[in-house]
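Q:
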Amino acid sequence: MKFLLLFTLGPVQSFIAQARKTHDLYAGSRLLSELIKTAIDTAGGEKQLIFPKIGAAMPNRFLIEVPEKETNLEAYGQKVERAVRAKWNQIAQVALTGFKKPVGFDEQIEQHLEIFWAIEPLGNKFEDTVKHLDKQVTAMKNIRSFSQYNWQNNAVGERGRKCSLDGQRNVQFYRSKVGQKLQAINSPLYSTEGGVCIKDDFKPDVLQPGEGLSAVGFVKRRYRPENTPEFESTAEIALLDALNFLQDKINNVVSSIRLHEYKNAFDNFNAQLFYEEGLSEQFLQKQGITCNRPLDELSTIRKIYLEDFARENGFRFQKYYAILTFDGDDMGKWLSGKYLIDTSKLREFQEKFADCLANFAQAAKKRLDNQSGQTVYAGGDDFLGFVNLNHILPVLRKLRQLFEAKVHLPLLPYMQENKRISFSAGICMAHYKEPLSLVLQEAKNAQKKAKELKTKDAFAISVIKGSGESHLTVLPFETGAKNVERLEKLIKALIEGGFSNSFISAMHREFARLLDFKGGLLLFEEMFRNELKRLLNRAANKSWSKETKSHNVEDATNELLELYGFQSTENFFHMLHIADFLKREMDEPKKSSKPEPQTT
């Protein structure tokens, strides 16, 4: 008799989302993938695996056929679980290299993982076995047990200051603020005997001054997968195009020489030093950075040879970046076979589905990492990445098209009529200094808003401005990501001077009082179209001929009304304000655009 094992690993939120630095996010993703791969290898390897396929990033669960040689099923499941816990402990001990182990370190590590698994005999119907396995694992999660910490002087542990990353566990490693000397016991930075104070001779990438981490947070911060470059900071993502431009001029422009000269003036160079606010004694002291040249001299180099030179060539030292996150719509229903023509082909479908998602994940990572940003996690239907502001809409459009080509279309023969596999995306654009945890949460909230549309298959964009003002708009993708393309077209028209942005504030001002219009919908639509067209006429480029102006205004009116869809007037105005924000913050396309990378 054959058996199936369903194995899940958590907590996912702690592994990935709890972060203060981009590296924390990336390390959490890689740690989760490494542990899941360990479980799969122990459970029987890729040959036995049903879902998903092995990739650089992995989801937190898998379904595998138990090898026939495994006759003691309980011992087999326990063996897989022990292998994961042993791997996690090994990674934790490696992270301690060069540091004293604090009291309670092992307890925090041992109690972190949440592992649930179930084994069922493979009955006549594969789909019934999978459903029953899923119900068993869900039931176990709902009645999960927990262990109480009891390691602090034989008293209940975990009292005092909590980890800067997870906010749950006691601080075990801390670093004093610059110039501040604190005792290890009864201090604001520390609350547990036997903890470790990180000294100033360690690089700030271990702990920032004033920061405190639990054992789990410390392992994430110290985790460095082999043959993996450092993950870029939010400042580096924001500056990506400008710095690539300066780097491209290395052989024939003085600015490129000045770029290296500028960076080499600092030890532990931080990308925030490319901004004017970074060149201050206070910032350098806080970051533990020293420099070998006067700050006023470095400020002149930065301004004239770097920032001004980039601006003259169509680039700017941008301060905003974007987080893009998405996951598949109704994945549970697809994997259970609910939308299949023939449910007896569920296993065949799942294996094909896993192949398609793996191909898409590889293509998605390649598209983003090619001078557009950096991928945190591409596990198939789940994706998280940092994107430079110039590239966010082209990347979103391309990923939606890739998903259609590599996932939806190959699986059409299995699907019921009028069903489609899609994803919904959330984007948050924010200043590089905005707390990362907040920006990530806003991106997730935007994704949730996109999924609230009846048809799903949508994207939501949130903007957190430095002034504190924020906007959120939700739009359906439509066929071929047409609405993303329309939004790109609007922003390009604003940037290139086709239309003044004056029509946005005028339109919003005039219709703010009519958001609760009680008249007929047809009357409102006619009023809205006529006023939009009138304001676009006023905002149109003065140099256009009468014929060109008439054509462009009519085209813009139609495109904007397609984006509107007469679903929510307030949503439409938020979309216009976001377009205006991008118009102000993006580089000029005619100077900064490059051929879109080809992804196969």
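Residue numbers -4 to 595, in our numbering, belong to the letters of the sequence shown in order.
Note that beta-carbon positions come from the ideal geometry of N, C-alpha and C, so glycine has one too.
Since the structure is predicted, the reported quantities are computational estimates derived from the model, not experimental observations.
For Ala113, collect the residues of the same chain with a Cβ closer than 6 Å to its Cβ; drop the 5 residues on either side in sequence, then sort them by chain order.
A: Excluding residues within five positions, the ones whose Cβ falls inside 6 Å are Leu1, Leu128, Gln131, Val132.
Q: Between which two residues does the beta strand (DSSP E) carrying Gly323 extend?
A: Its beta strand (DSSP E) spans residues 315 to 323.
Q: From Asp324 to Ala453, what distance separates their C-alpha atoms?
A: 10 Å
Q: Threshold first: 4 residues or longer. Then list the alpha helix (DSSP H) segments lying entirely within the stretch 216 to 264, N to C.
A: 229 to 233, 235 to 243, 249 to 259
Q: Let me confirm a value: Gln8 is counted as buried when at least 16 other C-beta atoms fall within 10 Å, else exposed. Which label applies?
A: exposed
Q: Who pairs with Arg56 in a beta bridge, going by DSSP?
A: Thr3
Q: So, with DSSP's three-state summary, where would you put Glu109?
A: Strand.
Q: Quick one: what's Pro116 bridged to in DSSP?
A: Phe(-2)
Q: Along the beta strand (DSSP E) that carries Met424, what are the first and last residues, could you check?
A: 418 to 426
Q: Near Gly332, what residues of its chain come up, given a Cβ to Cβ distance below 6 Å and the 5 sequence neighbours on each side ignored?
A: The residues are Glu122, Thr338, Leu341.
Q: I need the DSSP call for Thr450, collapsed to helix, strand or coil.
A: coil
Q: Relative to the C-alpha of Leu388, which residue among Ala400, Arg362, Ala353 is closest?
A: Selected option, being the one with the closest Cα: Arg362.
Q: With a threshold of 16 other CB atoms inside 10 Å of the CB of Thr295, please say whether the residue is buried or exposed.
A: exposed
Q: Kindly identify the DSSP beta-bridge partner or partners of Ile456.
A: DSSP, once it has assigned bridges, lists Ile422, Thr468 as partnering Ile456.
Q: Do you know offhand how far Gly212's Cα is from Glu63's?
A: Answer to the nearest angstrom: the Cα atoms are 40 Å apart.
Q: Count the CB pairs spanning the stretch 82 to 90 and the stretch 15 to 32 that are closer than 8 Å, and state whether there are at least three.
A: Flag = yes, the stretch 82 to 90 and the stretch 15 to 32 touch.
Q: Spatial neighbours of Leu485 within its chain, please: C-beta separation below 6 Å, excluding the five flanking residues on both sides.
A: Listed in chain order, the non-local C-beta contacts of Leu485 below 6 Å within the same chain comprise Ala574, local neighbours out to five positions each way being set aside.
Q: Would you kindly work out how many angstroms separate the C-alpha atoms of Leu407 and Gly375, rounded to a whole number?
A: 18 Å
Q: Under 7 Å Cβ to Cβ from Asn496, same chain only, skipping five residues before and after it: list those, please.
A: Leu489, Asp575, Lys578
Q: Shortest alpha-carbon distance to Asn265 belongs to which of Glu231, Lys298, Asp303, Lys443?
A: Glu231
Q: Would Gly461 and Ala438 qualify as a contact pair, given that the criterion is a beta-carbon distance under 7 Å?
A: no
Q: Can you name the start and end residues of the alpha helix (DSSP H) that Tyr334 belongs to?
A: Tyr334: not part of any alpha helix (DSSP H); DSSP gives it neither H nor E.
Q: Apart from the five residues just before and just after Asn532, which ones in its own chain have a Cβ nearer than 8 Å to its Cβ?
A: Lys544, Val548
Q: For Lys89, which option in Glu105, Val75, Arg219 has the closest C-alpha, if you only look at C-alpha atoms?
A: According to the sequence shown, residue 89 is Val rather than Lys. Ranking the options by Cα distance to Val89, first place goes to Arg219.
Q: Using the C-alpha atoms, what's the distance from Ile49 back to Glu32?
A: It should be noted that the sequence gives Lys, not Glu, for residue 32. Computed Cα separation, rounded: 8 Å.
Q: Excluding the five sequence neighbours on either side, which residues of its own chain have a C-beta within less than 8 Å of the C-beta of Gln396, listed in chain order?
A: Gly475, Ala476
Q: Is Phe355 closer than 7 Å to Lys401 when the C-beta atoms are compared?
A: yes
Q: Given this structure, state the Cα-to-Cα distance separating Glu596 from Lys451, to the nearest angstrom.
A: The chain is shown only over -4 to 595; residue 596 falls outside these bounds and no answer can be derived.
Q: Nearest to Phe310 by alpha carbon, out of Asn259, Leu234, Leu556, Phe519?
A: Leu234
Q: With distances taken from CA atoms, which of Pro6, Tyr21, Glu76, Tyr372 is nearest Asp36?
A: Measuring from the Cα of Asp36, the nearest candidate turns out to be Glu76.
Q: For a test of the three-state rule: what should DSSP assign to Lys328, helix, strand or coil?
A: helix
Q: So the alpha helix (DSSP H) Ile296 belongs to, where does it begin and stop?
A: From DSSP, Ile296 is part of no alpha helix (DSSP H); its letter is neither H nor E.
Q: In whole angstroms, give me the CA-to-CA distance for Ser228 and Lys449.
A: 36 Å
Q: Based on the DSSP secondary-structure assignment, which residues constitute the bridge partners of Met410?
A: DSSP output for Met410 lists Leu335 as bridge partner(s).
Q: Would you please state the rounded distance, in angstroms, between the beta carbons of Leu301 and Tyr257? I believe it to be under 8 Å.
A: Indeed they touch by this definition, with Cβ atoms about 7 Å apart.
Q: Are three or more beta carbon pairs between the stretch 425 to 444 and the stretch 410 to 417 nearer than 8 Å?
A: no
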